[in-house]
Amino acid sequence: MTLVWGPWSDRAFHLDKMSLRDLLGAYFSYYAIQAYILVTLACIIGVAMTATSITGPLIATVVVVLLYPLVEYLLHRYVLHAQFLFKHPATARAWKRIHYDHHQNPHELAVLFGALYTTLPTIAIITLPIGWLIDGLPGALSALAAGTVMFSIYEFVHCIQHLPFNPRNRIMREIKRRHLAHHFHSERGNYGITQNMFDRVFGTFYAQPRDVPRSSTVYNLGYGPEQKRTYPWVAELSEDDETYARRRKRRAA
Ligand SMILES: [Zn+2]
Ligand SMILES: [Zn+2]
Ligand SMILES: [Zn+2]
-16 MTLVWGPWSD
-6 RAFHLDKMSL
4 RDLLGAYFSY
14 YAIQAYILVT
24 LACIIGVAMT
34 ATSITGPLIA
44 TVVVVLLYPL
54 VEYLLHRYVL
64 HAQFLFKHPA
74 TARAWKRIHY
84 DHHQNPHELA
94 VLFGALYTTL
104 PTIAIITLPI
114 GWLIDGLPGA
124 LSALAAGTVM
134 FSIYEFVHCI
144 QHLPFNPRNR
154 IMREIKRRHL
164 AHHFHSERGN
174 YGITQNMFDR
184 VFGTFYAQPR
194 DVPRSSTVYN
204 LGYGPEQKRT
214 YPWVAELSED
224 DETYARRRKR
234 RAA
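Take -16 as the starting number for the sequence shown in the working numbering and just add one per residue.
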């Protein structure tokens, strides 16, 4: 395929099979990924200017890397799949952008990546205090850098899961299959995106779609007709379910 700069507009794109090179090109052309790289570089410079020893920054980095999979699991399960975000006008738009639209049309490239205005503050709020407690300012900056790197890795894995790219690595193929089951079979399990470790710990892991019943809310995440009447804000900004369904089919063809 020929790569267009940033296929991530709101125009519906149908991508042909992608090579790893295509995938990397598309990934690095997204503005949020470029922003994470800039933040990481700025943090590294900040650490170099403020740290008196390498130990504190190193510990802060390791702690963030180890905590990352648990945080990914908890945020996806208890924030993105919770129902409180569509119940308040102040958070309805963000929820639509960061998870509702992604489940309504998992092929929609414009909402495949997290929105910077929600991701960067979340990464900062979680990592800065942890790093600060470990080693003050250099610790905080190291933790933030580790957070943006881990989140960028997550975005890359998530790209692989939704783009027409067939990973050679067996484990990568398995987690792709499980994330697609989270999207097309039941959203009540397989919350892990870069790993399924905590799905196993918390009992939400399923290996095959046939292991759990098909969920009727896999696309609308429980924001059904009744919820739309009580909490209309997401619906006011969105297409109806039939339009979403048509778009999903168009891309799957
Ligand atoms: Zn997804
Ligand atoms: Zn989800
Ligand atoms: Zn196709």
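We put the beta carbon where it would ideally sit given N, CA and C, even for glycine.
Under the three-state reduction of DSSP output, ARG193 falls in the helix class. TYR206 carries a coil assignment under DSSP once its states are collapsed to helix, strand and coil.
Note that the C-beta distance between ALA43 and ILE113 is below 8 Å.
Contact between VAL201 and MET133 is absent: CB atoms are separated by about 27 Å, not below the 8 Å threshold. Around the C-beta of GLN17, fewer than 16 other C-beta atoms lie within 10 Å, and the residue is accordingly described as exposed. Annotated three-state conformation of ARG153 is helix, per DSSP. Within the region 101 to 140, no run of alpha helix (DSSP H) reaches 4 residues while sitting entirely inside it. The beta-carbon separation of ILE81 and ALA65, rounded to 12 Å, does not stay under the 8 Å limit for a contact.
Checking the 7 Å criterion, the Cβ of GLN178 is out of range of every heavy atom belonging to ligand 1. Annotation for GLU170: no alpha helix (DSSP H) segment contains it, and DSSP assigns it neither H nor E. Taking the Cα of SER169 as reference, the smallest distance to any Cα among SER12, ILE154 and ARG193 is reached at ARG193.
Proximity to TYR13 across SER135, ARG160 and VAL45 peaks at SER135, based on C-alpha coordinates.
PHE69 places its beta carbon less than 8 Å from that of ALA75. In the structure shown, TYR214 adopts coil according to DSSP, grouped into three states. Selection VAL195, ARG183, ALA129 and GLN87 evaluated against ARG230 yields GLN87 as nearest (Cα-Cα).
The three-state reading of DSSP puts LYS0 in coil, since its state is none of H, G, I, E or B.
Burial is judged here by how many other beta carbons sit within 10 angstroms of a residue's own beta carbon; GLU157 has fewer than 16 and is exposed.
In this structure, GLN87 has its CB at a distance of at least 7 Å from all heavy atoms of ligand 1. A straight line joining the alpha-carbon of CYS142 with that of ARG4 spans about 13 Å. Pairing GLU91 with ARG171, the inter-Cα distance amounts to about 21 Å. Taking 7 Å as the cut-off, the C-beta of GLU222 does not count as close to any heavy atom of ligand 2. A straight line joining the alpha-carbon of LYS232 with that of PHE167 spans about 12 Å.
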